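Peer 1: Have a look at the structure that comes next, please.
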Amino acid sequence: MKNRVGPPLVPVLLVAASVAAGQRPALTPRDSAFHALNRLAYGPRPGEVERVAREGVMSWIDQQLTPEHIADGARAAREREFPILDYERGDLAKLYLEAQRERRERREAGDTSSDTVGAQHAAPLQRDPTPTQRRARRLAGQFAELAVARAIISERQLYEVMVDFWTNHFNVFLGKGADRFLTPDYVEHVIRPHALDRFEDLLIATAESPAMLVYLDNWESVAPGSSPAFRLPRSALGLNENYARELLELHTLGVDGGYTQQDVINVARIFTGWSIERPQQGGGFEFHEWAHDEGEKQVLGVGFQAGQGLDEGIRLLKLLANQPATMHHVSRELCERFVSDDPPDGCVDDAVGAWKRSNGDLREVLRAIFTSPDFWAPPAVGGKVKTPLEFVVSAARAVGADPDSNPRLAQLVARLGEPLYLHVAPDGYPEKQDAWVNSGALLDRMNAAVALAAGKLPGVSVSLDAIAPPTADAELLIAAVNERVLGGTMSGNTAQVICKQLADMSDPGQARALAVGLALGGPEFQRQ
Amino acid sequence: MTISRRVFVKSGGLALFSLGLDPLFLARAAYAATNRLTAYPPNRPLLVCLFQRGAVDGLNMIVPHGDPLYYRERPRIAVPATDVIDLDGYFGLHPRLAALKPLWDSKSLAVIHAIGSPDASRSHFDAQDYMESGTPGVKATPDGWLNRYCQHDRQHADTPFRAVAFGPQLPRILAGSAPSLAIDDLQAFGLRAPQAAARDRLTRAFEELYAGSATGLLSSSSQEAFQAVRMLQQVDPAQYQPANGAAYPRGRFGKAMLEIAQLIRADLGVQVAFADVTGWDTHVNQGASEGQLATRLGEFAQALAAFAQDLGEKLRDVVVLTMSEFGRTVRENGNSGTDHGHATAMLVLGGPVDGGKVLGKWPGLDPAQRYEGRDVAVTTDFRDLFAEILARHLGAKELSAVFPGFIPDPTRFPGAIRG
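Printed below as a string of structure tokens:
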């Protein structure tokens, strides 16, 4: 009962899911637009709430579900300023080899620091990186900034939100060995092409991706007793269950998805031989016949005949993608992201229903969530706290920021606790707020808000004119900030506090920056 | 429960829906409503965990100089017996750890040798991950064991400085739902502004914003934050002078130890603190009495000794635990270094320590006793030591919740803490 919508609302929504938002008793068209922009997008830019409200929120949602029809020239133009996108996997593999060679030379000269992996330290601890390491680090910083810049600039907002969602669901860690060089390829060629595709295709693409094969060690999983054509380090000879376990527990069925330890072992056997080319050859996916377990297997009671090679892995992934447990597990995660940290069963069931009807077409699953009464119900509206990425991107959008390839905003996301591509464990960053709302990070948000509004972040130009012209009229200024930054959610207390702070400020430009900074760092803006 | 009800009433109407009845929120709300500047007992036990990232060579840190095999396997990098600072006739300190000898003599320093993970991984990444999650072999554990301890022992959750990590981000070991702070620079903690007056004004403004309109976790976390800022302001970190003539070495690690000491001496309610110390991955030209490893050990020991000296009397309540993801090969490699091995040595230091002893079962260096013929075998699961310190020093009750899948058994505790 706690999260269900009251009876008067439900019939209205069920009858007219795509009716103009104004007919909903609970939310005005502006409120609906603000809510949708907070969840399907990274928050509104100045004026966007009005635009979406005018267009009709359901029509805007329909557009967002077909991003290929949304012109996105600004994003495409900005991407050209990021040289990382000119690197193919092969180029990055060469860089990897070069870095390894330099590291060997360093070792011979007696430097111990270059090999030290601080598991959670993106920030390398070493004092004196080699030239290639420095170059790789610059590219990694640029790549993280690219994610932030796209999220800020792109008109295809829901698509960018889904890219982030899947990058997190199918997490890899950029700090683990070759993943330092494979992660860009992973995001560009695995996650992005499939972010609004069928779940099955996305799952298969991640399973075959070099980045995932390295991250969860499957590249070195070989059938016991098999003999390679060349010498391998001894430790590499054996079955490795890491990928198999996380595939079942995190990627598909979920921890209570009804599989056994024997299933995990058999899944691992099925994926023996799924490996990667050596970096010299480009580091792409490669199936090693010699390493594959040719025996019969059974997973979830389904038999896999002997001798099916690579094909049985594909068959298994299709089987897993279409299990009811998978539909439920992934739908629930989507609802946690879009509806509530603790989503009601109703929207999850709606998503599962659409999944079944559409064979896992992610657009239809999402459409079902956005037309579910739970999505529009009072507990959902403003009921979530923004994650570090959501906070930074929404703040940047609110002040009309235009980031360049300087990694400043990505560093800010890291400082707030969730550095991009650097979550160590395969579960990805948690969606629930209690895992990451804490006092230190909150102070950092306030500092970031003030700096951003004052235009003090290098590489990030802001234009507060879109919010309000510089004015000596505090009341006018506060009203504009409420409308254009906070979507009309500013509390009386916040208005009073800002007003008091403006009282003795003589410079209208500074007053405006302070008002915006306080609003962005204040409690209303942390919610969505 | 009356406290949380008050918070609920205050936050009112719709907020109730979105809050839910999350136990963590209740705990934080209860804390926020009752916080006082000194709500914690004066002699509360403290734990400082230090991670030697990169896998320290336990055999050159705590040298088995009584074993001829050690010298046979390491012709170029063994520490000569004449340089070793003898501890018990068989083991001795690397000469650059000399600053720790007085602590050994006063029985405030114990060594656990041949300790490590039951998991065989020789990957820095995996082994660090397991040592911090406290679940060797299980990758999906979302939180760290130090955080889980804080979750299960809520009695002490009464100050924002209860769990503090020094560094730019919260480490894996403290990841999780219990509030913990990552502090990169104590002096820069809080709102930043060029002048003190502007900073204070900004701090007050945000404090008013959050006091008036925040709900749920945002409310309790912001109260913790502003309380922390106020507490630090009283301490004035910029003016800190180490006591008793303690001299910390320059560099990141010395600074972290100084700031930990500062927080402890200021009585801000620290219960667990964490810091990293790096540079132990000595594959090439490791050196013996002198050289790379010697330099790292020198800085490490100086910082620990300065910390002990700085705390003085207060060391009575403090235990410092050092850890490293694995040890290194017994035999030196072709580059006068050592490769990734298995067991290593950990140090436990402080007033409550039953020191002056090398603890743990020593497996010996004979190839037949080694792990896979090459590494020091693990005879003590790291969780036995960690669990002992949590139970006997911090008084933890729910060890199986802190180390899921592990059955803590006091008979296997190495005996690092005085009974």
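The listed protein sequences derive, respectively, from chains A and B. Using the numbering used here, you'd call the opening residue of the first sequence number 6 and step up by one each time. Using the numbering used here, you'd call the opening residue of the second sequence number -17 and step up by one each time. Yeah, the Cβ is synthetic: ideal placement off N, Cα and C, and Gly gets one too. These figures come from a predicted structure and were not determined experimentally.
#1: Among residues of its own chain, excluding the 5 on either side of A:A152, which ones have a beta-carbon nearer than 6 Å to its beta-carbon?
#2: From the beta carbon of A:N452, is the nearest beta carbon of chain B less than 8 Å away?
#3: Compare the C-alpha of A:D478 against each of A:L448, A:L447, A:S466, A:D512 and name the closest.
#4: Quick check on the DSSP output: the alpha helix (DSSP H) that includes A:D36 runs from which residue to which?
#5: With a CB to CB cut of under 6 Å and the five nearest residues on each side skipped, what residues in its chain are close to B:G236?
#6: Can you tell which of B:A207, B:G198, B:I155, B:D166 has its C-alpha closest to the C-alpha of B:R186?
#7: Considering only their Cβ atoms, is the gap separating A:V467 from A:F530 smaller than 8 Å?
#8: Taking the DSSP output, what are the residues bridged to B:R35?
#9: Under a three-way DSSP split, which group does A:L144 fall into?
#10: Tell me which residue opens and which closes the alpha helix (DSSP H) that A:I270 is part of.
#11: Between the stretch 72 to 85 of chain B and the stretch 264 to 281 of chain B, do three or more beta carbon pairs fall short of 8 Å?
#12: Nearest to A:F87 by CA position, among A:D184, A:A149, A:Y101, is which residue?
#13: Check whether the Cβ of A:Q515 lies closer than 8 Å to any Cβ atom in chain B.
#14: Identify every residue that forms a DSSP beta bridge with B:H322.
#15: Any beta carbon of chain B sitting closer than 8 Å to that of A:Q506?
#16: At the 8 Å Cβ level, is B:R154 part of the contact set with chain A, yes or no?
#17: Along chain B, which residues have their Cβ under 8 Å away from the Cβ of A:S496?
#18: Quick one: grab the DSSP three-state call for B:H459.
#19: Just to confirm the assignment, what range does the beta strand (DSSP E) spanning B:F395 have?
#20: Straight-line CA distance for B:F395 to A:F292?
#21: Find the residues of chain A that neighbour B:G98, judging by a C-beta separation of less than 9 Å, and give them in chain order.
#22: Which residues in the same chain as B:L28 place their Cβ atom closer than 8 Å to its Cβ, once the five residues preceding and following it in sequence are excluded?
#23: Between B:P118 and the rest of its own chain, which residues show a CB-CB distance below 6 Å, the 5 nearest in sequence each way excluded?
#24: Would you mind sorting B:A178 into buried or exposed? The rule is 16 or more other CB atoms within 10 Å of its CB.
#25: Checking 8 Å against the spacing of the C-beta atoms, do B:F188 and A:M451 come in under that value?
#26: Can you find the residues in the same chain that come closer than 7 Å, C-beta to C-beta, to B:E370, ignoring five residues on each side of it along the sequence?
#27: So B:S271 contacts chain D; which residues on that side make the cut at Cβ distance below 8 Å?
#28: Could you please give the first and the last residue of the uninterrupted beta strand (DSSP E) stretch that includes A:E291?
#29: Following the continuous alpha helix (DSSP H) through A:F1, name the residue where it begins and the one where it ends.
#30: Say whether chain B places a C-beta atom closer than 8 Å to the C-beta of A:Y92.
#31: As a quick exercise: from A:V219, A:R35, A:A114, pick the residue whose alpha carbon is nearest that of B:F268.
#32: Contact criterion: CB-CB distance below 8 Å. Does A:S444 meet it with respect to chain B?
#33: Please tell me whether A:Q162 and A:Q69 are closer than 8 Å, where the distance is taken between their beta carbons.
#34: So B:W127 is in the beta strand (DSSP E); what residue range does that whole segment cover?
#35: Got a sec? Which residues, its chain only, sit under 6 Å from B:L250 by beta carbon, not counting five neighbours each side?
#36: Identify, in the order they occur along the chain, each residue of the same chain with its Cβ nearer than 6 Å to the Cβ of A:E165, setting aside the five sequence neighbours on each side.
Peer 2: The short version:
#1: Locating residue 152 of chain A in the first sequence gives position 147, where the first residue counts as 1. So the list reads L425, once near-sequence residues are dropped.
#2: What you label residue 452 of chain A is simply residue 447 of the first sequence in a count that begins at 1. Yes, because at least one Cβ of chain B sits closer than 8 Å to the Cβ of A:N452.
#3: Taking the first sequence and counting its residues from 1, one reaches residue 478 of chain A at position 473. Nearest C-alpha to A:D478: A:D512.
#4: For the purposes of this step, residue 36 of chain A is taken as the residue at position 31 of the first sequence. Run containing A:D36: 34 to 44, per the alpha helix (DSSP H) assignment.
#5: Sequence index remark: in the second sequence, residue 236 of chain B carries index 254 (1-based). Cβ neighbours of B:G236 beyond the five flanking positions: Y230, A285.
#6: What you label residue 186 of chain B is simply residue 204 of the second sequence in a count that begins at 1. It is B:A207.
#7: The count along the first sequence starts at 1 and reaches residue 530 of chain A at position 525. The count along the first sequence starts at 1 and reaches residue 467 of chain A at position 462. No. Outside cutoff.
#8: In the second sequence, residue 35 of chain B corresponds to position 53, counting from 1. According to DSSP, which records beta bridges pairwise, B:R35 is partnered with B:T260.
#9: Working through the first sequence from its first residue, we reach residue 144 of chain A at position 139. A:L144: helix per DSSP, three-state reduction.
#10: Numbered from its first residue, the first sequence carries residue 270 of chain A at position 265. First-last of the alpha helix (DSSP H) with A:I270: 266 to 275.
#11: Segments in contact, yes.
#12: The residue given as residue 87 of chain A occupies position 82 in the first sequence. A:A149 is the residue among A:D184, A:A149, A:Y101 whose C-alpha sits nearest the C-alpha of A:F87.
#13: Reading the first sequence from its first residue, position 510 is the one you call residue 515 of chain A. Put simply, the CB of A:Q515 is far from chain B, with every gap to its CB atoms at 8 Å or more.
#14: The residue given as residue 322 of chain B occupies position 340 in the second sequence. According to DSSP, B:H322 bridges with B:R310.
#15: Taking the first sequence and counting its residues from 1, the one referred to as residue 506 of chain A is at position 501. Judged by the 8 Å Cβ criterion, A:Q506 is in contact with chain B.
#16: In the second sequence, residue 154 of chain B corresponds to position 172, counting from 1. At a cut-off of 8 Å between beta carbons, B:R154 contacts chain A.
#17: Position 491 of the first sequence, counting from 1, holds the residue named residue 496 of chain A. Under the 8 Å cutoff, chain B gives G194, S195.
#18: Here chain B has residues from -17 to 401 only, and residue 459 of chain B is not among them.
#19: One-based indexing of the second sequence puts residue 395 of chain B at position 413. Premise fails: B:F395 is in no beta strand (DSSP E) and is neither H nor E.
#20: Here residue 395 of chain B corresponds to residue number 413 of the second sequence, with the count starting at 1. Here residue 292 of chain A corresponds to residue number 287 of the first sequence, with the count starting at 1. In this structure, the alpha-carbon of B:F395 lies about 47 Å from that of A:F292.
#21: The residue given as residue 98 of chain B occupies position 116 in the second sequence. Here the premise fails: no neighbours, minimum Cβ distance about 16 Å.
#22: Residue numbering aside, residue 28 of chain B sits at position 46 when the second sequence is read from its first letter. Counting only Cβ-Cβ distances below 8 Å, and skipping sequence neighbours, we find I246, V252, Q253, V254, A255, D299, V300, V301.
#23: The count along the second sequence starts at 1 and reaches residue 118 of chain B at position 136. In its chain, beyond the 5 residues on either side, S99, P100, D101, Y112 have a beta carbon closer than 6 Å to the beta carbon of B:P118.
#24: Mapped onto the second sequence, residue 178 of chain B falls at position 196. Residue environment: B:A178 is assigned as exposed (fewer than 16 neighbouring CB atoms within 10 Å of its CB, all protein chains considered).
#25: Indexing the second sequence from 1 puts residue 188 of chain B at position 206. Indexing the first sequence from 1 puts residue 451 of chain A at position 446. In this structure, A:M451 lies closer than 8 Å to B:F188 by Cβ.
#26: One-based indexing of the second sequence puts residue 370 of chain B at position 388. Contacts found: F395, P396, A398, I399.
#27: This model lacks chain D altogether; the protein chains it does include are A and B.
#28: Position 286 of the first sequence, counting from 1, holds the residue named residue 291 of chain A. 290 to 292 is the span of the beta strand (DSSP E), which, as asked, contains A:E291.
#29: Beyond the ends of chain A as shown, which are 6 and 533, falls residue 1 of chain A; an answer cannot be given.
#30: Residue mapping note: residue 92 of chain A aligns to position 87 of the first sequence, counting from 1. No, because no Cβ of chain B sits closer than 8 Å to the Cβ of A:Y92.
#31: Indexing the second sequence from 1 puts residue 268 of chain B at position 286. Per the sequence shown, the amino acid found at residue 268 of chain B is Gln instead of Phe. Cα-wise, what sits closest to B:Q268 is A:A114.
#32: To locate residue 444 of chain A, count along the first sequence from 1; it is residue 439. Interface residue, yes.
#33: Along the first sequence, read from residue 1 onward, the residue named residue 162 of chain A stands at position 157. Along the first sequence, read from residue 1 onward, the residue named residue 69 of chain A stands at position 64. With contacts defined as CB atoms closer than 8 Å, A:Q162 and A:Q69 qualify as a contacting pair.
#34: Taking the first residue of the second sequence as 1, we reach residue 127 of chain B at position 145. Per DSSP, B:W127 belongs to no beta strand (DSSP E); it is in the alpha helix (DSSP H), 127 to 134.
#35: For this step, residue 250 of chain B is matched to residue 268 along the second sequence. Non-local beta-carbon contacts of B:L250 in its own chain, meaning distances under 6 Å to residues more than five positions away in sequence, involve F143, M213 in chain order.
#36: As a working note, residue 165 of chain A is residue 160 in the first sequence. R155, A156, S159, listed in sequence order.
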